[in-house]
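Everything below concerns the one structure shown next.
Protein chains: 2
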Amino acid sequence: MSEQRTELGDLGEFGLIDRLTKNIELVNSSTILGVGDDAAVISISDDEALLMSTDMLVEGVHFNLMYMPLKHLGFKAVAVNVSDICAMNGKAEQITVSLAVSNRFPLEALEELYEGINAACKQYNVDLVGGDTTSSFSGLIINVSVVGRAKKSDITYRSGAKEFDLLVVSGDLGGAYMGLQVLEREKEVFNANPNIQPDLDGHDYIMQRQLKPEARQDIIGFLKELDVVPTAMIDISDGLASEILHLCKASNVGCHVYDEKIPIDAKTSMTAIDFNIDPVTAALNGGEDYELLFTVKQEDFDKIKGNPNMTIIGHMTHANDGIYFVDKNGSAVTLKAQGWKHFE
Amino acid sequence: MSEQRTELGDLGEFGLIDRLTKNIELVNSSTILGVGDDAAVISISDDEALLMSTDMLVEGVHFNLMYMPLKHLGFKAVAVNVSDICAMNGKAEQITVSLAVSNRFPLEALEELYEGINAACKQYNVDLVGGDTTSSFSGLIINVSVVGRAKKSDITYRSGAKEFDLLVVSGDLGGAYMGLQVLEREKEVFNANPNIQPDLDGHDYIMQRQLKPEARQDIIGFLKELDVVPTAMIDISDGLASEILHLCKASNVGCHVYDEKIPIDAKTSMTAIDFNIDPVTAALNGGEDYELLFTVKQEDFDKIKGNPNMTIIGHMTHANDGIYFVDKNGSAVTLKAQGWKHFE
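The listed protein sequences derive, respectively, from chains S and R.
Position in the first sequence counted from 1, then plus 40, gives you my numbering.
Position in the second sequence counted from 1, then plus 40, gives you my numbering.
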């Protein structure tokens, strides 16, 4: 090993990935796209391609078994992978599940986990086709890999957004983050006094957003029905701000995103205010909503306008114009990401 | 969670997998085969299929960083996945790599790991097309998923062996296990007195078998050149005995395997004798050789006979005849597996 020591915390997740993948050489003609989007793209025929992605969930980093039921965890592990295929405008078809698990789990616990995995497979019409099961000396680790399919002409890359395109988001944002805040608060209360029952009343919606996120496969269906092929797409795992920056960087465009347009559910807002958090901050920087962020051509405006499942939150500009967040007073500030930071 | 508690150690790895996968329902017509072979099989055209597999390597379970250089670990993580595709008689084309890593690793350590990953990709003509990198509060975990391709008519399942087929193994066996014994011994010596240099002299071959196993992609090429399509195939990750039992069970056949035919390198034998281990026991029950075990029709005997890369070690019988190990004196005993046992 060389003498040099560069701390991972100084690089951040994306800096690390850039460093580790810079020497990759692609040799197979079937590889259309490797690292750098929500999924890799692999040619399987003249007009069809396979989409491939993978996600690892680590106990203590991505989930806490103190409040994450194993069934929900299984569901989520599949949903976040299906979401990656949705973000390419494709249909997930097969998954594999790798599991490292310590002896402290009985079979019944793993059966609960698989109940969630099977429920998600059923919901998204995905087949569980393989996996690996091994022991672990520490926590539970789940790695799901997914393959999906799309017509080559339908595939949406992060890099396809053009100046003047509209920026659209599905569903509403910030709920998963506020759900996590409530769970963390109740965990603290429980740790201080295990006799106090957790108070999750009225928090059903944001609990579900955190504990059982859905892949927006329905949006992919709606877009097909509307005959809209997005020019670019990404799923929102790290917070809206971070994903907008990814889209703009990959597409080499700028963006104006409007504070007042960002869709936030009333329950998310109320909880945020309770916690002295600006709801828009929760939407911009809270992660794990797994909504889809995409761009469409101006001429598709009429097809999208007023659709209850999608909200136009901004538009793309020339790269030189920068990436701006426009607040309710019309003041524009440069958009910054403060999403999930691993290795810190 | 239910009140019942079934310990994972009582089930074993294969018992656990059986229990967890028993409720799987396959819904996509593209899924030709799910769980149960070295790789899943997914249809991509009338005559071609995709092969998909995944393997997780866990620090402290599958490797010990005290003697496993990170570069070798990266190579091995790819090689064991490529081996799964070889075991289906296919060609690996793309992989994803998921990594959970603690802050104690500097960037330079992960760059070493990726050097090994990239070296294996180059050797096997595989493209690294995606992954996930996250933090871990404990050890290093690597999950590699692989997709490969094969003509549907070339794919070899575990289930295709027939009575009278010949049982063939590539390369030689037991080396990886004896390499591990030497490394474990030197670790003990080092732990007792860190000033003593490890004594690995003369153990190059078995060290390499343990630390840098190769996927036998070359064997797949040789078989094509010989115009032999095996009737069944599996790779040897858990020891010859365990894999023979898997093949026989999946194919519903019996088997006679001959002690004196089992290929063992002289260096493996000498080390085994040094350790008071029967070399054949190392071959039968030591894992991680990643050689290929396959069956061919009697009529292919002339094509295989005398080939330095393959050894005929037995033949398949009727299921009712049982699975026997025939020793040098001609005595037959029922073959038992004592391969790797996780969860114990």
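Every residue, glycine too, gets a C-beta built ideally from N, C-alpha and C.
Given this structure, state the Cα-to-Cα distance separating R/M41 from S/T94, to the nearest angstrom. Sequence index remark: in the second sequence, residue 41 of chain R carries index 1 (1-based). Sequence index remark: in the first sequence, residue 94 of chain S carries index 54 (1-based). At R/M41 the pLDDT is 46, less than 50, meaning the model places this residue with poor confidence; the figure from the coordinates comes in the next sentence. Their Cα atoms are separated by approximately 28 Å.
Taking any Cβ of chain S, which residues in the segment 184-201 of chain R have a Cβ under 8 Å from it, in chain order? Here the close residues are S185, V187, R189.
Any chain R beta carbon closer than 8 Å to S/H382: By 1-based counting over the first sequence, the position of residue 382 of chain S is 342. Caution applies to S/H382, whose pLDDT of 45 falls short of 50 and renders its modelled position unreliable; the model cannot decide the point.
Note down, in chain order, every chain R residue with its Cβ under 7 Å from the Cβ of S/L223. Counting from 1 along the first sequence, the entry for residue 223 of chain S is found at position 183. For S/L223, no chain R residue has a Cβ inside 7 Å of its Cβ, as the nearest lies near 19 Å away.
Taking Cβ-Cβ distances shorter than 7 Å, what residues in chain R pair up with S/D167? For this step, residue 167 of chain S is matched to residue 127 along the first sequence. L66, V67, N68, T71, G74, listed in chain order.
DSSP beta-bridge partners of R/D334: Counting from 1 along the second sequence, the entry for residue 334 of chain R is found at position 294. First, the residue type needs correcting, since residue 334 of chain R is Phe and not Asp in the sequence shown. Looking at the DSSP assignment, R/F334 forms a beta bridge with R/V208, R/M273.
If contact is defined by three or more beta carbon pairs under 8 Å, each pair taking one atom from either stretch, is the segment 73-85 of chain R in contact with the segment 124-137 of chain R? Result yes; three or more Cβ-Cβ pairs closer than 8 Å.
Anyone know if the C-beta pair for S/L48 and R/N143 falls short of 8 Å? Position 8 of the first sequence, counted from the start, is the residue given in the question as residue 48 of chain S. Position 103 of the second sequence, counted from the start, is the residue given in the question as residue 143 of chain R. Taking 8 Å as the cut-off, the Cβ atoms of S/L48 and R/N143 count as close.
Residue-chain proximity (R/F145, chain S), Cβ-Cβ < 8 Å: Counting from 1 along the second sequence, the entry for residue 145 of chain R is found at position 105. R/F145 counts as touching chain S.
With a threshold of 8 Å between beta-carbons, can S/F177 be considered close to chain R, or not? Within the first sequence, numbered from 1, the residue matching residue 177 of chain S stands at position 137. Using beta-carbon distances, S/F177 counts as an interface residue toward chain R, with a partner under 8 Å.
According to the neighbour-count rule (16 or more other Cβ atoms, all chains shown, within 10 Å of its Cβ), is S/D194 buried or exposed? Here residue 194 of chain S is taken as the residue at index 154 of the first sequence, counted from 1. In the assembly as shown, S/D194 is a buried residue. Its beta-carbon has 16 or more other beta-carbons within 10 Å.
Quick check on this structure: which residue in S/K162, S/N233, S/D212, S/E148 has the alpha carbon closest to the alpha carbon of S/D275? Mapped onto the first sequence, residue 275 of chain S falls at position 235. The option with the nearest alpha carbon to S/D275 is S/D212.
Could you have a look at S/E384 and say whether DSSP puts it in helix, strand or coil? Residue 384 of chain S sits at position 344 when you count from the first residue of the first sequence. Low per-residue confidence applies at S/E384: pLDDT is 40, beneath 50, and the placement is therefore not dependable, though the value from the model is reported in the following sentence. Coil at S/E384, not helix or strand.
Quick one: residues in its chain with C-beta nearer than 7 Å to the C-beta of S/D305, no 5 flanking neighbours on either side, listed in chain order? Position 265 of the first sequence, counted from the first residue, corresponds to residue 305 of chain S. D212, G215, Y245.
Cα-Cα separation between S/Q44 and R/G171, rounded to whole angstroms: Reading the first sequence from its first residue, position 4 is the one you call residue 44 of chain S. Reading the second sequence from its first residue, position 131 is the one you call residue 171 of chain R. Cα to Cα, S/Q44 sits roughly 25 Å from R/G171.
Chain R within 8 Å of S/L90, Cβ atoms only: Mapped onto the first sequence, residue 90 of chain S falls at position 50. Chain R, which has a Cβ nearer than 8 Å to the Cβ of S/L90, makes this yes.
DSSP state of S/Y245, grouped into three classes? To locate residue 245 of chain S, count along the first sequence from 1; it is residue 205. Correct three-state label for S/Y245: helix.
When you compare each of R/S178, R/V184, R/G179 to R/A160 by their alpha carbons, which one comes out closest? Reading the second sequence from its first residue, position 120 is the one you call residue 160 of chain R. The candidate whose alpha carbon is nearest that of R/A160 is R/V184.
Cβ-based neighbour list, R/S309, same chain, cut-off 7 Å, excluding 5 preceding and 5 following: Residue mapping note: residue 309 of chain R aligns to position 269 of the second sequence, counting from 1. Around R/S309: P319.
Which chain R residues are close to S/N158, counting only those with a beta carbon under 9 Å from its beta carbon? Counted from its first residue, the first sequence places residue 158 of chain S at position 118. What S/N158 touches in chain R: N63, I64, E65.
Helix, strand or coil at S/L375 according to DSSP, with G and I counted as helix: Along the first sequence, one-based indexing puts residue 375 of chain S at 335. S/L375 falls in the coil class under three-state DSSP.
Suppose contacts are defined by Cβ-Cβ distances below 8 Å. Is S/D299 in contact with S/V208 by that definition? Position 259 of the first sequence, counted from the start, is the residue given in the question as residue 299 of chain S. Position 168 of the first sequence, counted from the start, is the residue given in the question as residue 208 of chain S. Against a cut-off of 8 Å, the Cβ pair of S/V208 and S/D299 comes out as no contact.
Give the secondary structure of S/N347 by DSSP, where H, G and I count as helix, E and B as strand, and everything else as coil. In the first sequence, the residue the question calls residue 347 of chain S occupies position 307. Annotated three-state conformation of S/N347 is coil, per DSSP.
Give me, in chain order, the residues of the same chain whose beta-carbon lies closer than 7 Å to that of S/F341; leave out the 5 immediate sequence neighbours on both sides. For the purposes of this step, residue 341 of chain S is identified with residue 301 of the first sequence, where counting begins at 1. If we look at S/F341 and ignore the five residues flanking it on each side, its Cβ neighbours are L206.
If you check the beta carbons only, do R/L147 and S/L56 fall under 8 Å apart? If you number the second sequence from 1, residue 147 of chain R lands on position 107. If you number the first sequence from 1, residue 56 of chain S lands on position 16. Yes. Within cutoff.
If you scan the segment 97-165 of chain R from start to end, which runs of the beta strand (DSSP E) of 3 or more residues do you find wholly inside it? Listed in chain order, the beta strand (DSSP E) elements of length 3 or more contained wholly in the segment 97-165 of chain R are 131-141.
Just checking, does the segment 251-271 of chain S make contact with the segment 335-351 of chain S on the three C-beta pairs under 8 Å criterion? The segment 251-271 of chain S and the segment 335-351 of chain S touch, with no fewer than 3 CB-CB distances between them shorter than 8 Å.
R/L60 versus chain C: which residues are under 8 Å apart at the beta carbon? Protein chains in the displayed structure are S and R, and chain C is not among them.
If you reduce the DSSP assignment to three classes, tell me which class S/E328 lands in. Your numbering for residue 328 of chain S matches position 288 in the first sequence. In the structure shown, S/E328 adopts coil according to DSSP, grouped into three states.
Quick check on S/P234: buried or exposed, where buried means 16 or more other Cβ atoms within 10 Å of its Cβ? Within the first sequence, the letter at position 194 stands for residue 234 of chain S. Label assigned to S/P234: exposed.
Contact set for R/Y197: own chain, Cβ-Cβ below 6 Å, skip 5 residues either direction: On the second sequence, position 157 is the one that residue 197 of chain R refers to. Hits under 6 Å: D77.
What in chain R is Cβ-close to S/M96, meaning under 7 Å? On the first sequence, position 56 is the one that residue 96 of chain S refers to. Contact note: S/M96 reaches chain R through S138, A140, D172, T174, N183, using a C-beta cutoff of 7 Å and chain order.
Establish whether the CB of S/E283 and some CB of chain R are separated by less than 8 Å. Here residue 283 of chain S corresponds to residue number 243 of the first sequence, with the count starting at 1. No, because no Cβ of chain R sits closer than 8 Å to the Cβ of S/E283.
Helix, strand or coil at R/A255 [DSSP, three-state]: Residue 255 of chain R sits at position 215 when you count from the first residue of the second sequence. Correct three-state label for R/A255: coil.
Report the residue from S/R225, S/P270, S/G279, S/T311 whose alpha carbon sits nearest the alpha carbon of S/S291. For the purposes of this step, residue 291 of chain S is identified with residue 251 of the first sequence, where counting begins at 1. Of the candidates S/R225, S/P270, S/G279, S/T311, the one whose C-alpha sits nearest the C-alpha of S/S291 is S/P270.
Can you grab the Cα-Cα spacing for the pair R/I284 / R/N369, in whole Å? Taking the second sequence and counting its residues from 1, one reaches residue 284 of chain R at position 244. Taking the second sequence and counting its residues from 1, one reaches residue 369 of chain R at position 329. About 21 Å.
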